[in-house]
Amino acid sequence: MIKIVYTDLRHIRSVLWRSVLFTALWWVLVEGRTDGWGMGGISVILSLAASLYLMPPTKVSFSSLGCAVFFSFFLIQSVKGGFQVAIMALRPRLKLAPVIMDLPITLPPGMARVVLANTLSLLPGTLSVRIHGDQLRLHILNRHLPIMQELRATEAAIAHIWKKTP
Amino acid sequence: MSLIFDTLLVATLLWSAWRSLATSDLVHAVVMFIVFGLLMSLAWARLGAPDIALAEAAIGAGLTGALLLDALRVSNQTAQPGSLAKIPALQRMAVLLISTVLAIGLIIAVLYAPLPSIQLPSMVEANMAQSGVTHTVTAVLLNFRGYDTLLEVAVLLLALLGMLAVAPARPVSVSHVPIDPVLATLARLLVPLMILTACYLLWAGDHRPGGAFQAAAVLAAAGVLLHLAGLLQAWIRPGQLLRLGLSAGFVLFLSLAAILLTEGALLRYPPVWAGALILLIEAGLTLSLSLILAGLFLLLSGRRGVP
Amino acid sequence: MNVAIELLSAALLLVGATFYLAGTVGLLRFPDVYARLHTLTKADNLGLGFIILGLAVQADSLMMACKLLLIWPLVLMASATVSYSIARRADEMGIAPISGDGDSA
Amino acid sequence: MTGLEGPLALFLLLNLLAALIRAARGPTLADRMLAALLFGNTGVGVLLLLAYAGGTLPLNTALVDVALVLALLAAVTGVAFAKRAWGREEEKHERSD
């Protein structure tokens, strides 16, 4: 594992980023106390090791601006989704036109598709059922809504998260 | 308002317990039992016992469900709903009678319990300064009544050994189920966070609710999640290293107890060392308990298809 | 405590509770398991988000607020994955979605 | 403290109860597994509200930890349900219903 980590400068960078992240998380967990750094150090090292083992650093790196773009997209859409389902549930006559559809994914395989499936599950009108091949099976609450446009918009927002390999 | 909350909580607890016992569908029974566990955790929170709420949440949400569902699969009874209905009426009556007598006995015991002649809370308060920690529950568990905890760990270890001894070692043929990417990603993201949280709980035990049992339950749940996601093989038979890990906490605890016995008393730490010793024991216990708890699941999972 | 913060917190908590109500109503009314999953992954998660936000604005320290806010993404990840697992399993088992034409169901 | 935390905890518990009854009724096993989703969500919400509902201002931080642990582990039960709750025989049984 250590060998993998030090073969590339980018890997060192991602190790640094993750250490910062885990340290920040530890600091939040202990609510800003400063007397736990001994244990904190050990736990950051342990979780960093687990994270490097489970998710070896890749050449593609995250873009912080892109993450922010995706996050704001997600928040807005998710509030919209909540309202939509709330209105659907609360109106006197249920107005549903549910259907299961297979739609093509344009994102590259791997993490991006998982993020897509999970995001669609949390966004209005769609629920991911399975990823198979280059297709994503979705359950859709109302088939009269423009699902394809929403799918492409979500894919575009997700594509921002990663920087293209330089 | 809190009275209504508590009444509703108790009613729901009883309902889920009843459903869990009364249903003939075993999967449903397991679901209701898990629900019961969650509600129990809320009840402990209401009763002002966050330590137990924490343990119940960790064990109930992370382990019990997975373990029971796996047990269902091993015993292969999921396909027989209504099998419980075939119990003869006479046996049912006998069970009902015994349960009623027990319940009445318990109620009488609770109602007529003699008042305690010693005030334990004030005794604990008076001795907190020597305990080496500032959280009373940890002081009681690992210092004042350390031998109880020692025996509890022994019981858990014995349970695992018993399972190893009884179950026939027939490993599952390794089938290549494709790893589901969504599930695997969740495990890859969550497991490091679980490790961090387990360390935090271990650290917190010194001065607030937390400690070895809770930390171990979180770590064991991480193991279960990895296994369910297809990233961790089931254990067929523990190797040397694993055996060492399973027993390390208990052996450490026991040898410390033996050394302290030469000083004259069972598990009475010198006050100067108490804090460090408790942390050492807790770290050892976290490691071993997490392996034992995960082992209960991973070893059972590795023996699917037992007749 | 500052009255404005208290009002903001109360408002956020009430919005959260409304989403929970909608989620429960949806769970009771929606016709099949897929549609019910929709309410749990959207309405309930949003309800929890607003409740966490409402509690975070009145937290006594910034770190406590961060700790509360940390819980939300954890629940989101868990619930997206669990709903995916359930939907996938239901689909594998051949539980067909109840379909409607949009006028009534 | 806005004074709302206690009543809202009760309200969420009522929601949890209604949803649990729904989930317990089925009709399919998939519906029963919805109980697992409710854990991570409503359970966490109730615990957080209880942490604040104590009435004293140094809020019950331990309950926030309980909520955090529940949020972290809620996925395990849900995933175990989906992966393990249905054997092959069960499928046939389910379909014939």
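Residue numbers (the numbering used here), protein chains in the order written: chain P, 319 to 484; chain Y, 752 to 1058; chain F, 39 to 143; chain A, 25 to 121.
We put the CB at the ideal spot given by N, CA and C, even for glycine.
Starting from residue i, trace the alpha helix (DSSP H) both ways and give me its first and last residue.
| i | result |
| --- | --- |
| aspartate 802 of chain Y | 801-810 |
| glutamine 467 of chain P | 465-477 |
| glutamine 453 of chain P | Here glutamine 453 of chain P belongs to no alpha helix (DSSP H); instead the beta strand (DSSP E) covers 453-458. |
| valine 348 of chain P | Element bounds for valine 348 of chain P: n/a, residue is neither H nor E. |
| isoleucine 418 of chain P | It is not in any alpha helix (DSSP H) - isoleucine 418 of chain P instead sits in the beta strand (DSSP E) that spans 417-422. |
| alanine 999 of chain Y | 991-1012 |
| alanine 985 of chain Y | It is not in any alpha helix (DSSP H) - alanine 985 of chain Y carries neither H nor E in the DSSP assignment. |
| alanine 796 of chain Y | 777-797 |
| arginine 74 of chain F | 71-77 |
| asparagine 40 of chain F | Here asparagine 40 of chain F belongs to no alpha helix (DSSP H), and DSSP marks it neither H nor E. |
| arginine 770 of chain Y | 753-773 |
| alanine 877 of chain Y | 871-882 |
| isoleucine 360 of chain P | 355-372 |
Are the C-beta atoms of residue i and some chain A residue less than 8 Å apart?
| i | result |
| --- | --- |
| valine 942 of chain Y | no |
| isoleucine 109 of chain F | yes |
| serine 868 of chain Y | no |
| isoleucine 136 of chain F | no |
| isoleucine 930 of chain Y | no |
| serine 792 of chain Y | yes |
According to DSSP, is residue i part of a helix, a strand, or is it coil?
| i | result |
| --- | --- |
| isoleucine 855 of chain Y | helix |
| threonine 444 of chain P | strand |
| alanine 97 of chain F | coil |
| phenylalanine 380 of chain P | strand |
| glutamine 828 of chain Y | Unreliable positioning characterises glutamine 828 of chain Y in this predicted model, as indicated by a pLDDT of 49, which lies under 50. The coordinate reading is nonetheless provided below. Glutamine 828 of chain Y: coil per DSSP, three-state reduction. |
| glutamate 118 of chain A | Below a pLDDT of 50, predicted positions are generally treated as unreliable, and glutamate 118 of chain A, at 40, falls in that range; no measurement from the model is reported. |
| histidine 450 of chain P | strand |
| serine 142 of chain F | Its pLDDT being 42, under 50, serine 142 of chain F is placed unreliably by the model, and the measurement read from it follows with that caveat. Serine 142 of chain F: coil per DSSP, three-state reduction. |
| proline 480 of chain P | A quick correction: the sequence has tryptophan, not proline, at residue 480 of chain P. In the structure shown, tryptophan 480 of chain P sits in a strand (DSSP, three-state: E or B). |
| alanine 55 of chain F | helix |
| asparagine 39 of chain A | helix |
| phenylalanine 389 of chain P | helix |
| aspartate 957 of chain Y | coil |
| alanine 134 of chain F | coil |
| glycine 1056 of chain Y | The predicted position of glycine 1056 of chain Y is uncertain, since its pLDDT is 49 and thus under 50; a value taken from the coordinates is nonetheless stated next. Glycine 1056 of chain Y falls in the coil class under three-state DSSP. |
| glycine 974 of chain Y | helix |
| tyrosine 951 of chain Y | helix |
| tyrosine 1020 of chain Y | coil |
Going along chain D in order, which residues have a C-beta closer than 7 Å to the C-beta of residue i?
| i | result |
| --- | --- |
| serine 369 of chain P | Although the question refers to chain D, the structure presented lacks it and instead comprises the protein chains P, Y, F and A. |
Verify the CB distance criterion: does residue i have a CB-CB separation below 8 Å to chain F?
| i | result |
| --- | --- |
| glutamine 828 of chain Y | Any reading at glutamine 828 of chain Y needs caution, since the residue's pLDDT is 49, under 50, leaving its predicted position unreliable; the model's value is listed next. It does not; no Cβ of chain F falls within 8 Å. |
| leucine 947 of chain Y | no |
| leucine 72 of chain A | yes |
| valine 782 of chain Y | no |
| serine 439 of chain P | yes |
| alanine 435 of chain P | yes |
| serine 365 of chain P | no |
Quick one: does residue i have its CB under 8 Å from some CB of chain Y?
| i | result |
| --- | --- |
| proline 82 of chain A | Low confidence applies to proline 82 of chain A: its pLDDT is 48, below 50, so where it sits in the model is not reliable, and the reading given next is rough at best. It does not; no Cβ of chain Y falls within 8 Å. |
| methionine 406 of chain P | no |
| valine 432 of chain P | yes |
| serine 361 of chain P | yes |
| arginine 331 of chain P | no |
| glycine 354 of chain P | yes |
Say whether chain P places a C-beta atom closer than 8 Å to the C-beta of residue i.
| i | result |
| --- | --- |
| leucine 114 of chain F | yes |
| proline 1058 of chain Y | Reliability of the predicted coordinates at proline 1058 of chain Y is poor, the pLDDT of 36 falling under 50, and no value is obtained from them. |
> Could you give the uninterrupted runs of the alpha helix (DSSP H) lying entirely in the segment 53-103 of chain A, keeping only those of 4 residues or more?
Replying inline: The segment 53-103 of chain A contains these whole alpha helix (DSSP H) runs: 53-62, 68-77.
>> At a CB distance below 8 Å, what residues from the segment 448-482 of chain P approach chain F? Give them in sequence order.
In response: Arg448, Arg455, His457, Leu459, Asn460, Arg461, His462
>> At a CB distance below 8 Å, what residues from the segment 54-66 of chain A approach chain F? Give them in sequence order.
In response: Ala54, Asp55, Met57, Leu58, Ala60, Leu61, Leu62, Gly64, Asn65, Thr66
> In chain order, what residues of the segment 47-75 of chain F put their CB closer than 7 Å to some CB of chain Y?
Replying inline: none
>> For the segment 338-351 of chain P, list every residue whose C-beta sits within 7 Å of some C-beta in chain Y, in sequence order.
In response: Phe340, Leu343, Trp344, Leu347, Val348
> If contact means a Cβ-Cβ distance below 7 Å, which residues of the segment 26-42 of chain A contact chain F?
Replying inline: Answer set for the segment 26-42 of chain A: Thr26, Leu28, Leu32, Phe35, Leu36, Asn39, Ala42.
> At a Cβ cut of 7 Å, what residues of the segment 116-130 of chain F count as close to chain Y, listed as they run along the chain?
Replying inline: Thr119, Tyr122, Ser123
> Name the residues in the segment 78-101 of chain F whose C-beta lies less than 9 Å from a C-beta of chain A; which are they?
Replying inline: The residues in question are Leu78, Thr79, Asp82, Asn83, Gly85, Leu86, Ile89, Ile90, Gly92, Leu93, Gln96, Ala97, Asp98.
> What are the uninterrupted segments assigned as alpha helix (DSSP H) that are 4 or more residues long and contained completely in the segment 885-944 of chain Y, given in chain order?
Replying inline: Runs of the alpha helix (DSSP H) inside the segment 885-944 of chain Y: 887-890, 897-917.
> Going along the chain, which residues of the segment 408-427 of chain P sit with their C-beta nearer than 8 Å to a C-beta in chain F?
Replying inline: Leu408, Arg411, Leu412, Lys413, Leu414, Ala415, Pro416, Val417, Ile418
> Relative to chain Y, which residues along the segment 389-404 of chain P have a C-beta separation below 8 Å, given in chain order?
Replying inline: none
> What residues in the segment 866-894 of chain Y have a beta carbon less than 8 Å from any beta carbon of chain P?
Replying inline: none
> Which of the residues in the segment 968-997 of chain Y, read from start to end, lie with their CB under 9 Å from any CB of chain P?
Replying inline: Ala973, Leu977, Leu982
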